[in-house]
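Q: Chains as they are written, first to last, in this note's numbering: chain Z, 1349 to 1789; chain G, 9 to 594.
Handing you a structure now.
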Amino acid sequence: MKKLAKYLIITVCIVSIILVGCQPEYSSKKINYISPNKQEITVWYHFNGSNINQRLKELADMFNDANPNYHVKMELVSDISTMGTLDKLIYAVNGGVPPDVVIVDRYLIGSAIEKGAFQDLTNLATKDNITKDMFYEFAWNDSTYNEKLYAIPFDTDVRLLYYNKQLFNEAGLNPNSPPTSIRELEEYAAKLTKQEHGEYIQMGFIPWMNEGYLYTWGWAFGGQYYDQQSERVTVNHDKIIDALQWLGYYSNQYDFEKIMYFLTREDYGIDAFAEERCAMMIGGSGKIAEYAQYYPELDYGVALIPTVENSDFITWSGGFGLAIPKGVEHKEAAFEFIKFMSIGEGATFFVDKTSHFVCSKKINTESKLIKDNGNYKFAVELLDKAYSRPPIIEGKMLWEELIYATTKVLNKQAIPNEILNEINNKINNSIDDNGNRWQNE
Amino acid sequence: MVIGGKMNKTNKGISIKIQLIVFFLIVMMIPTLLINIGMYGLASKTLKERKANDILYSLSRSKERLDTFLKDIDYKLIALGLDIQNLNIDHDYEKLLYEITRIKKLNPNIESINVFLDEENRIISSSETQKEVLVKESKYYNWLEAPIYMEKENSGWLQTKYFNNNYNIPKRVFFIKKKIEDFGQIAIFINETTLRYNYMDNPINENELNTFLIDEHGKILSNKDISMIGKYMDNVYMDKGVTKEEDWYIKNLNGEKMLMIYTTSSYTNWTYMSMIPMKNVLLDKREVYRIILLINAISLPITIFLAILFSKRIYQPIGELKGAMKEVEKGNLNVQVYTCRKDEFNILYHGFNRMINRIKKLIQELYHEKLLHKEAELQNLQAQINPHFLYNTLDTIHWMARLNKMEEVSYLTFSLSNFYKLRLGDGKKYTTIGETMELVREFLNIKRIKYGEDFAIEINIQEDLNEVTILKFIIQPIVENAMYHGIEKKKGANKILINVLSISNYIIFKIEDDGLGIEEEKLKILKKLLNDMENENNVEGKYSALLNIQKRVKLKYGVNCGLNIESQYNKGTKVTLKLPKTNIKI
Chain Z
1349 MKKLAKYLII TVCIVSIILV GCQPEYSSKK INYISPNKQE ITVWYHFNGS
1399 NINQRLKELA DMFNDANPNY HVKMELVSDI STMGTLDKLI YAVNGGVPPD
1449 VVIVDRYLIG SAIEKGAFQD LTNLATKDNI TKDMFYEFAW NDSTYNEKLY
1499 AIPFDTDVRL LYYNKQLFNE AGLNPNSPPT SIRELEEYAA KLTKQEHGEY
1549 IQMGFIPWMN EGYLYTWGWA FGGQYYDQQS ERVTVNHDKI IDALQWLGYY
1599 SNQYDFEKIM YFLTREDYGI DAFAEERCAM MIGGSGKIAE YAQYYPELDY
1649 GVALIPTVEN SDFITWSGGF GLAIPKGVEH KEAAFEFIKF MSIGEGATFF
1699 VDKTSHFVCS KKINTESKLI KDNGNYKFAV ELLDKAYSRP PIIEGKMLWE
1749 ELIYATTKVL NKQAIPNEIL NEINNKINNS IDDNGNRWQN E
Chain G
9 MVIGGKMNKT NKGISIKIQL IVFFLIVMMI PTLLINIGMY GLASKTLKER
59 KANDILYSLS RSKERLDTFL KDIDYKLIAL GLDIQNLNID HDYEKLLYEI
109 TRIKKLNPNI ESINVFLDEE NRIISSSETQ KEVLVKESKY YNWLEAPIYM
159 EKENSGWLQT KYFNNNYNIP KRVFFIKKKI EDFGQIAIFI NETTLRYNYM
209 DNPINENELN TFLIDEHGKI LSNKDISMIG KYMDNVYMDK GVTKEEDWYI
259 KNLNGEKMLM IYTTSSYTNW TYMSMIPMKN VLLDKREVYR IILLINAISL
309 PITIFLAILF SKRIYQPIGE LKGAMKEVEK GNLNVQVYTC RKDEFNILYH
359 GFNRMINRIK KLIQELYHEK LLHKEAELQN LQAQINPHFL YNTLDTIHWM
409 ARLNKMEEVS YLTFSLSNFY KLRLGDGKKY TTIGETMELV REFLNIKRIK
459 YGEDFAIEIN IQEDLNEVTI LKFIIQPIVE NAMYHGIEKK KGANKILINV
509 LSISNYIIFK IEDDGLGIEE EKLKILKKLL NDMENENNVE GKYSALLNIQ
559 KRVKLKYGVN CGLNIESQYN KGTKVTLKLP KTNIKI
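What follows is the structure in structure tokens.
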């Protein structure tokens, strides 16, 4: 019996060892404990859309796995793109507890630099051979002030005319020839608009919807917002006044209140284009990914934004940059992560997973996703010639004032040339003040 | 034959060893499988309940946080209404605008605060770019058209679409509004996205969990898939059971089992519903099967090993017993099996050993009996010297003696002839007591001629005993002994008394003589020899007649029967033979 007991014990031991050894990997996710030897990198970010936010977390994990000496911690900071949150960053910098990296909307970089929030990255970039020609020019310009580089461009997009091929067919229009001039656009819009009991049930086009900012139309009408030589904004440019007048005219013609009601009716959804109640729309290239995910059935095409002259087609781009706030000690560590995100594996992952573009030309053109999707390909090729908002300290102010002017005109509360003159003076005065301050410093 | 054949067929070729191994394998594998299945079921149930409760807890927290937030906004709106009335700022637009902008700035979650002035058909808004809007038709403004609820019937919170500052992208907003008499309406708007990010997003299971905020009519108010918002929750999702304040259930959606968890706010009547695929809750089935397979693959060789081990423990002693049995079959009765085990095999082994010993003894006894019988037969045959010739001769002598008037010779010859006829008989092993007594009489008749008339014999026998059968040659040798060793060796001795009695179930033969008797020493030896049948010390061959009788009687009738001798030297001997009163079948 003793012998038997011995056998049993041995057997049980063997079985236990084997079972423990064969335990499945319950969690492939590693818990990244921050060891004292690791350099922690805190990153502030905020994007609209939980998908992108989630991908950024995955990017941090990717970076941490590949770089055992560093540990990136992503912190979602609510609404970093508004002035209020910029204040938050300033407080953190002044208080001596800045994040190591900020993913910042590039049009805010000027304002942030003006408040002394970011470090000069020129030397780090030179050391790592990061040069202007690697990125789209506008993105590099957004990030450079007084010949100094303050951020490495991260992502970007372009504005396009989206049009619904199905609705074009129904209205007897050729689904393969979208409008190319403003006049054509108006004609098509009229044909594609339907009313029932005095209310719109389908609209051809709403110029100010989605990415139809005054910025878009000003450029499309042939205007310019900034004069490099005089370093002054030119918001009261004739063509911009024309554009704003056109918006006012359109609002009047179709009845602003009726359009607003059409877009906010309780029985309709939130995206009139995706729900095929609006035949055309100016939208960012990111919509391509959104529609692929949520509205895979939608039969649409993308085209250049129509212009007045039926030529000199334009688009413009925005996007985020990666900056290091002042007071960050381990600049090199932070810069490692910035490189990973802007020109490294992180950038490739970002393009493939979010279908956003990055500012690195090479990564965009080599992305499999862009190669495979015609709409993406069309969009990415526009990036080289894309306009961008003037990279000035008053970038944020300019943006907000243009929106203010637009809403006033749409509501028939202002006259375009008057309000644009007003804004122009206001911003140029501010430029003068800031210029004096820079010189004094 | 048929039944036996069938049975043989079933077990043919399958040794008990294999049967035991197979049996143990089944016995060991079935519980393993059952345990595996049972544990999987138990784990699934526990996991499911735990997950559901975790999610429910998290949902309830979200609900409470959101309710608190919404109530707070509600109070702010009430306070604003009181301010408007009390501070008389209802016509001071600058002051009013300042007030609503201040409230908005203090709470970053507020999208906008709007005031509608009845008289002027004007909206004053906290919006940075759109502070005043003239309303042409109020029907174009969802929030103005919305009903005003009394506090008791509804929290007053509704969802609508609303434009942001830029008028470019409509947003979904939650709003609550109040009516102020002789003034207009006030409303606070909260962005759906803000609400979702700050109050509904579940940091746990961020990716796998899909959470919906649904109003009392089943309309989706909030979800991470923005295209779902505004749609009505299909009845497929909603269970009839969604009547409780909170619960969870399992629903089959598009062929996929989903764990549905919900909790309803008593403030807004909105239901928070989360769904998660069961496959994310439970262990991966393929993984489980893989583990079960692995466990079985590991336990199979162990089970076989153990089964062989166990069966060996049972088979080995059986095998030994089998071997011993074969030896016995060959005729070797000296086989003995030994074990140090204390279980049933010990008993079995001992039983086997005892049985073999007993068989051995029985065989020996039978052998001896046969041998003794043969010996007696031989003696008998020796006496048979052409008996017919002897009878004829004796008859001739008898008749010649009678013719010559030689009475004694005639009588003697006749008796002798009878004696031999009786004695030799027809070769049977058994005889009756009557015949035996007849033989004894003839014998004594012959002897009486030798000793004359003063030789007395007395035979007393119960009548009913005459027909009882007994072994042959057990009484007459005793009488012969009494004659040769007793009476003939003492002068004046002339008496033999034979009593045949029936005492209870026994027949007692008493043969007494008044002859020489046996010396004390010799009697002791004789008694010892008679009582110790196993002892073969009687090398001298003395008393062989008595010992022969004793052996045969004890072999035939058992140890309770047999001879007993009492004797006194010079006085006589008394031999008692005890036999059972049962007829031996002839």
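Every residue gets a Cβ at the ideal spot worked out from N, C-alpha and C, and that includes glycine.
#1: With C-beta atoms as the reference, is Z/Ala1790 less than 8 Å away from Z/Leu1646?
#2: Per DSSP, what kind of secondary structure is G/Leu524 in: helix, strand or coil?
#3: Thinking C-beta only, is Z/Leu1592 closer than 8 Å to Z/Val1757?
#4: Compare the C-beta of G/Ile312 against all C-beta atoms of chain Z and say whether one is closer than 8 Å.
#5: Mind checking whether G/Lys429 and G/Tyr399 have CB atoms under 8 Å apart?
#6: What separation, rounded to the nearest whole angstrom, lies between the Cα atoms of Z/Thr1479 and Z/Phe1688?
#7: Using the Cβ count rule (16 or more neighbours within 10 Å means buried), how would you classify Z/His1545?
#8: Would the segment 24-32 of chain G and the segment 1773-1780 of chain Z be scored as touching if the rule is three or more Cβ pairs under 8 Å?
#9: Which stretch, first to last residue, makes up the beta strand (DSSP E) that contains G/Val561?
#10: Does DSSP put G/Trp278 in a helix, in a strand, or in coil?
#11: Whole angstroms is fine: what's the gap from G/His225's alpha carbon to G/Tyr240's?
#12: Relative to chain C, which residues along the segment 1599-1618 of chain Z have a C-beta separation below 7 Å, given in chain order?
#13: Straight-line CA distance for Z/Tyr1639 to Z/Phe1661?
#14: Would you list the residues sitting across from Z/Arg1507 in a DSSP beta bridge?
#15: Rounded to whole angstroms, what is the Cα-Cα separation between G/Met208 and G/Arg69?
#16: Would you mind reading off the limits of the beta strand (DSSP E) that contains Z/Ile1461?
#17: Identify which residue in G/Glu528, G/Asn426, G/Arg73, G/Val508 has its Cα closest to the Cα of G/Ile519.
#18: Could you check what DSSP says for G/Lys579 in three-state terms: helix, strand or coil?
#19: By a C-beta neighbour count over all protein chains shown, 10 Å radius and 16 as the cutoff for buried, is G/Ala384 buried or exposed?
#20: Flag Z/Met1410 as yes if its beta-carbon sits less than 8 Å from any beta-carbon of chain G, otherwise no.
#21: Only counting runs of 4 or more residues, tell me where the alpha helix (DSSP H) segments fall wholly within the segment 1619-1676 of chain Z, in order along the chain.
#22: With a threshold of 8 Å on Cβ separation, who are the neighbours of G/Met445 within its own chain once the five nearest residues in sequence on each side are excluded?
#23: Could you check which residue in G/Leu538, G/Ile486, G/Glu102 has the C-alpha nearest to that of G/Thr581?
#24: Alpha carbon to alpha carbon, what distance is there between G/Gln27 and G/Val296?
#25: Between the alpha carbons of Z/Thr1696 and Z/Asn1759, how many angstroms are there, rounded?
#26: Determine which residues of the segment 1717-1747 of chain Z have a Cβ less than 8 Å from any Cβ of chain G, and write them out in chain order.
#27: What's the C-alpha gap between G/Tyr170 and G/Met47?
#28: Nearer than 7 Å: is that true of the beta carbon of Z/Met1689 relative to any heavy atom of the ligand GTP?
#29: With which residues is G/Leu181 paired in a DSSP beta bridge?
#30: What would DSSP say about Z/Arg1613, mapped onto helix, strand or coil?
#31: Looking at the structure shown, is G/Asp472 part of a helix, part of a strand, or coil, going by DSSP?
#32: Taking the Cβ atom as the reference point for each residue, do Z/Gln1550 and Z/Arg1625 lie within a distance shorter than 8 Å?
#33: Skipping 5 residues on each side, what residues in its chain have a beta carbon closer than 7 Å to that of Z/Phe1668?
#34: Report yes if the CB atom of Z/Phe1705 is closer than 8 Å to the CB atom of Z/Val1676, and no otherwise.
#35: Under 8 Å Cβ-Cβ, which residues of chain Z neighbour G/Lys144?
#36: Answer yes or no: does any C-beta atom of chain G fall closer than 8 Å to that of Z/Gly1675?
A: In short, the structure shows the following:
#1: There is no way to answer for residue 1790 of chain Z, as the model of chain Z reaches only from 1349 to 1789.
#2: coil
#3: yes
#4: no
#5: yes
#6: 15 Å
#7: exposed
#8: no
#9: Element bounds for G/Val561: not the beta strand (DSSP E) but the alpha helix (DSSP H), 552-565.
#10: coil
#11: 8 Å
#12: This model lacks chain C altogether, as its protein chains are Z and G.
#13: 25 Å
#14: Z/Gly1632
#15: 9 Å
#16: Not the beta strand (DSSP E): Z/Ile1461 falls in the alpha helix (DSSP H), residues 1457-1462.
#17: G/Val508
#18: coil
#19: buried
#20: no
#21: 1634-1642
#22: Ile467, Ile469, Asn474, Ile483, Ile506, Val508
#23: G/Ile486
#24: 32 Å
#25: 44 Å
#26: none
#27: 54 Å
#28: The ligand GTP is absent from the structure shown, which contains no ligands of any kind.
#29: Contrary to the premise, residue 181 of chain G reads as Val rather than Leu in this sequence. For G/Val181, which the question treats as bridged, DSSP gives the partners G/Thr168, G/Asn199.
#30: coil
#31: helix
#32: yes
#33: Ile1451, Val1452, Asp1453, Arg1454, Phe1502, Asp1503
#34: no
#35: Glu1605
#36: no
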